[in-house]
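What follows is a single structure, written as structure tokens, with notes after it.
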Amino acid sequence: MPRLTKISDIGLESLSADGSYQASAAIVWCMDRRARRARENLLQMLNYKLEDLIQVAGGVQGIVGRKPHARNYLLRQIELALLKHGAREIVLMTHQDCAMFKDKIPIGRDEMKFLARKLVQGMMLVAKHLEPLPFVGPVRGVLVGHAGTFEVAP
Ligand SMILES: [Zn+2]
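As structure tokens, then:
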């Protein structure tokens, strides 16, 4: 029998009587610690109260990269945020100097433009994937750079 040792009084928050909640958004964000403040600021700016955070290395890179298992995993996570928590929006993110994109940017190519294109590619892929689902909210693209945080539009 595994042994349980309580290490804190803080556990699951109670968001409603039955434990359910509606997510403001499903957010695919890179694990890179340097982008945390940008995320917290964005949540405040967009007035997201309850977000489903899907935090993986590279953020949108997993969706637009060459590995089908990474893409399928992330698309499923987004789907679950919609189906289980009724997420109203989707945010895809990446950032400058991301280790997951570093060796993929052609030499001489403008990094911000390259990443913006990858975000748009991811936004379109996610929107197409979700077409059969009852989701009508926006799929946003967010690029965190050294100079600030940028919303990317197609
Ligand atoms: Zn990264």
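Residue numbers (my numbering): 272 to 425. Here a beta-carbon is modelled for each residue, glycine too, at the ideal position from N, C-alpha and C.
| Check | Outcome |
| --- | --- |
| Endpoints, beta strand (DSSP E) assigned at M364 | E360 to H366 |
| Alpha carbon of K277 to alpha carbon of E284, nearest angstrom | 17 Å |
| Collapsed DSSP secondary structure at G330 in the structure displayed | coil |
| Whether V413 touches L363 by CB criterion (9 Å) | yes |
| Three-state class that DSSP yields for E350 in the structure shown | helix |
| C-alpha distance - L345 paired with L324, whole-angstrom precision | 11 Å |
| Environment of V407 [buried if 16+ CB atoms lie within 10 Å] | exposed |
| Cutoff 8 Å; reference G416; Cβ partners in own chain excluding five residues on either side | H366, Q367 and M383 |
| Identity of the residue in H356, I334 and V331 nearest K320 by Cα | H356 |
| Exercise answer, beta-carbon shell around ligand 1 heavy atoms below 6 Å | C301, D303, G329, H366, C369, A370 and M371 |
| Boundaries of the alpha helix (DSSP H) in which F372 is found, first to last residue | Unbroken run through F372: none, as it is neither H nor E. |
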